[in-house]
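Novice:
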Ligand code: NAD
Ligand code: DAU
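Numbering (the numbering used here), first residue to last: 34 to 381.
1. Per DSSP, which one or two residues make a beta bridge with residue 90?
2. Any heavy atom of the ligand DAU closer than 7 Å to the beta-carbon of residue 370?
3. For my contact list, residue 53 and residue 60 are in at a C-beta cut-off of 8 Å; report their separation, rounded to the angstrom.
4. Since residue 329 and residue 277 are thought to touch, with beta carbons under 8 Å apart, how far apart are those beta carbons, to the nearest angstrom?
5. Nearer than 7 Å: is that true of the beta carbon of residue 120 relative to any heavy atom of the ligand DAU?
6. Suppose you measure from the CA of residue 99 to the CA of residue 65; what does that come to, to the nearest Å?
7. Whole angstroms are fine: how far does the CA of residue 94 sit from the CA of residue 322?
8. Find the nearest neighbour of residue 56 within the set 305, 268, 352, 125, judged by alpha-carbon distance.
9. Does any heavy atom of the ligand NAD sit closer than 7 Å to the C-beta of residue 217?
10. Going by DSSP, what residue range makes up the beta strand (DSSP E) through residue 290?
11. Quick test of your reading: residue 209 and residue 159, contact by CB under 8 Å. State the CB separation rounded to the nearest angstrom.
12. What's the C-alpha gap between residue 354 and residue 111?
13. Cα-Cα, which of 258, 120, 228 is closest to residue 183?
14. Residue 196: beta carbon under 7 Å from a heavy atom of the ligand DAU?
15. Can you check which of these residues, 345, 226, 91, is closest to residue 377 by C-alpha distance?
16. Using 10 angstroms around the beta-carbon of residue 178, count the other beta-carbons present and answer buried if the total reaches 16, otherwise exposed.
17. If residue 261 sits next to residue 338, beta carbons under 8 Å apart, how far is it from one beta carbon to the other, in whole angstroms?
18. Is the region 361–372 close to the region 248–261, with three or more CB pairs under 8 Å?
19. With a threshold of 8 Å on Cβ separation, who are the neighbours of residue 170 within its own chain once the five nearest residues in sequence on each side are excluded?
20. Once the 5 residues before and after residue 320 are set aside, which same chain residues still bring their CB inside 8 Å of it?
21. Could you check where the alpha helix (DSSP H) with residue 179 kicks off and where it finishes?
22. Hey, how far is the Cα of residue 286 from the Cα of residue 306?
23. Leaving out five residues on either side along the sequence, give the residues of the same chain with a beta carbon under 6 Å from the beta carbon of residue 327.
24. Sorry if obvious, but does the Cβ on residue 176 come closer than 7 Å to a heavy atom of the ligand NAD?
25. With residue 174 as the anchor, note down where its alpha helix (DSSP H) starts and where it stops.
26. Which class does residue 241 belong to by DSSP, given the choice of helix, strand or coil?
27. I'd like to confirm something about residue 130: is its beta-carbon nearer than 7 Å to some heavy atom of the ligand NAD, or not?
28. Can you have a look at residue 117 and say buried or exposed, based on whether 16 or more other CB atoms are within 10 angstroms of its CB?
29. Does any C-beta atom of chain D lie closer than 8 Å to the C-beta of residue 299?
30. Can you tell me which of 352, 294, 274, 341 puts its alpha carbon nearest to the alpha carbon of residue 335?
31. Of all the options 207, 224, 351, which has the alpha carbon lying nearest to the alpha carbon of residue 367?
32. What span of residues does the alpha helix (DSSP H) with residue 212 cover, start to end?
33. Pull up the distance between the alpha-carbon of residue 318 and that of residue 347, whole angstroms please.
Now the structure itself:
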């Protein structure tokens, strides 16, 4: 197999590429990524000498970039992760989300359809999010049958891409698989997202900006478990089906930030409660979804997948990774991210 992984230099993509390259020495894995502010080749440093891995700088919105890569590497299958992924940025400016997440996805499928001609035997795997389902109240879970109700420009763009993927299956017979996953965490996570942002600010004794009252709930999954789930669905999932992926691990934001503070007090040899003093409640996110919670029973029952780590283990590993990789943090937080941070949180 020659698998094109779009967005392979990003957070989840780089974990997936690492897994595939190491687990399947007979496959050729082609990372296809335009290296936006969120993509970083350093995420794939350990694969520099891997004979079955190639990096191609390309934009999914460019038909030529996609066409050339498909042809040149004789691509047999695609796992599509490339996206604009940050909800706050989509509120600031939705257009790049429409361009990459909607147009880019359709472009990719159109080129794949033209290149493969005979569609059977080729998989187009679309990686999506639980945010397409909208916002839950206190009770209930998102299942594969939950109706779509996206509320942010980001989730609307992902929902649109999901619908196009489904349309290509029904209309043209593109052999699609799709998964909708909850919030990931782990190493190489861009510091604009909640967990790495808090780790860095705790370390540097900066304010910890908690939106609203901190009572919004997210369902957290170790990123390597997400990669394992994608691998399982790609190889064993049913064509035309979608699977929900989640950690059965719901946390209110404020409780999660408190937990990070206490782990870091211990690791940094601070007094218990010292880091929590940095918690600062700030203006809420516009249209902030209250609660996400995934029911991953189908994936568990059909394909035997379950998360491998407890949250306590995963959070500690994550904090340690950030403490040990400050050069990576410095690199990704320089340049345009500095301006974004100032705009969001002021000079601090
Ligand atoms: P990320 O922002 O860390 O990475 C996205 C990658 O896509 C980057 O490497 C970027 O350079 C690349 N990219 C962006 N636009 C591109 C374009 N036009 N052409 C080619 N490459 C482009 O995102 P992530 O958190 O790793 O998410 C990956 C995928 O998983 C996304 O589709 C996202 O919607 C989905 N997802 C993420 C989460 C999560 O918690 N992070 C949860 C569920 C689903
Ligand atoms: O649910 C899956 C989604 O999870 C993915 O599809 C997205 O790509 C990914 O970015 C993530 O979206 P969220 O908006 O849930 O993640 P984020 O880390 O931005 O925020 C998590 C929660 O923390 C959310 O309720 C907002 C809150 N938050 C976030 C930031 C950055 C804060 O309270 N303060 C902050 O500074």
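Ideal placement from N, C-alpha and C gives every residue a C-beta, glycine not left out. If you're wondering where the values come from, they're calculated on a predicted model, not measured in any experiment.
Specialist: Reading from the atomic positions:
1. Your numbering for residue 90 matches position 57 in the chain shown. According to DSSP, residue 90 bridges with 66.
2. Residue 370 sits at position 337 when you count from the first residue of the chain shown. Incorrect: residue 370 has no Cβ contact closer than 7 Å to the ligand DAU.
3. Taking the first residue of the chain shown as position 1, residue 53 is located at position 20. Taking the first residue of the chain shown as position 1, residue 60 is located at position 27. Right, the Cβ-Cβ distance comes to about 6 Å (below 8 Å), so this counts as a contact.
4. In the chain shown, residue 329 corresponds to position 296, counting from 1. In the chain shown, residue 277 corresponds to position 244, counting from 1. That belief holds up - the Cβ atoms of residue 329 and residue 277 are roughly 5 Å apart, short of 8 Å.
5. Taking the first residue of the chain shown as position 1, residue 120 is located at position 87. Answer for residue 120: yes, Cβ within range of the ligand DAU.
6. Looking up residue 99 in the chain shown gives position 66. Looking up residue 65 in the chain shown gives position 32. Each residue's Cα considered, the two are about 9 Å apart.
7. Within the chain shown, numbered from 1, the residue matching residue 322 stands at position 289. Within the chain shown, numbered from 1, the residue matching residue 94 stands at position 61. Answer to the nearest angstrom: the Cα atoms are 29 Å apart.
8. Taking the first residue of the chain shown as position 1, residue 56 is located at position 23. Ranking the options by Cα distance to residue 56, first place goes to 268.
9. For the purposes of this step, residue 217 is taken as residue 184 along the chain shown, with counting starting at 1. Answer for residue 217: yes, Cβ within range of the ligand NAD.
10. Reading the chain shown from its first residue, position 257 is the one you call residue 290. Segment 286–300 is the alpha helix (DSSP H) holding residue 290; no beta strand (DSSP E) there.
11. In the chain shown, residue 209 corresponds to position 176, counting from 1. In the chain shown, residue 159 corresponds to position 126, counting from 1. The pair is a contact, with the Cβ atoms about 6 Å apart (cut-off 8 Å).
12. As a first step, residue 354 must be located in the chain shown, where it is residue number 321. As a first step, residue 111 must be located in the chain shown, where it is residue number 78. Those two C-alpha atoms are separated by around 30 Å.
13. Taking the first residue of the chain shown as 1, we reach residue 183 at position 150. Ranking 258, 120, 228 by Cα distance to residue 183 puts 120 first.
14. Position 163 of the chain shown holds residue 196. No.
15. On the chain shown, position 344 is the one that residue 377 refers to. Ranking 345, 226, 91 by Cα distance to residue 377 puts 226 first.
16. Within the chain shown, the letter at position 145 stands for residue 178. Exposure of residue 178 is indicated by the presence of fewer than 16 other C-beta atoms within 10 angstroms of its C-beta.
17. Translated into positions along the chain shown, residue 261 becomes position 228. Translated into positions along the chain shown, residue 338 becomes position 305. Taking 8 Å as the upper bound for CB-CB distance, residue 261 and residue 338 are in contact here, some 7 Å apart.
18. No: the two stretches stay apart, fewer than three of their Cβ pairs being nearer than 8 Å.
19. Taking the first residue of the chain shown as position 1, residue 170 is located at position 137. Answer for residue 170: 323, 324, listed in chain order.
20. The sequence position of residue 320 within the chain shown is 287, counting from 1. Answer for residue 320: 124, 184, 185, listed in chain order.
21. Position 146 of the chain shown holds residue 179. Counting along the chain, residue 179 falls outside any alpha helix (DSSP H), and DSSP gives it neither H nor E.
22. The residue labelled residue 286 in the question sits at position 253 within the chain shown. The residue labelled residue 306 in the question sits at position 273 within the chain shown. Roughly 17 Å separates the two Cα atoms.
23. For the purposes of this step, residue 327 is identified with residue 294 of the chain shown, where counting begins at 1. So the list reads 163, 175, 215, 252, 277, 279, once near-sequence residues are dropped.
24. Against the chain shown, residue 176 aligns to sequence position 143. Checking every heavy atom of the ligand NAD against the Cβ of residue 176, none is found closer than 7 Å.
25. Position 141 of the chain shown, counted from the first residue, corresponds to residue 174. Neither: residue 174 is in no alpha helix (DSSP H) and is coded neither H nor E.
26. By one-based count along the chain shown, residue 241 stands at place 208. Residue 241 falls in the strand class under three-state DSSP.
27. Within the chain shown, numbered from 1, the residue matching residue 130 stands at position 97. No - the ligand NAD has no heavy atom lying nearer than 7 Å to the Cβ of residue 130.
28. Locating residue 117 in the chain shown gives position 84, where the first residue counts as 1. Its Cβ being crowded by 16 or more others within 10 Å, residue 117 is buried.
29. Of the protein chains in the structure, only one exists, and it is not chain D.
30. Walking along the chain shown from the start, residue 335 turns up at place 302. Looking at the Cα atoms, 274 is the closest of the given residues.
31. Walking along the chain shown from the start, residue 367 turns up at place 334. The candidate whose alpha carbon is nearest that of residue 367 is 224.
32. Your numbering for residue 212 matches position 179 in the chain shown. From DSSP, residue 212 is part of no alpha helix (DSSP H) but of the beta strand (DSSP E) over 209–214.
33. By one-based count along the chain shown, residue 318 stands at place 285. By one-based count along the chain shown, residue 347 stands at place 314. Their backbone Cα atoms lie some 27 Å apart in a straight line.
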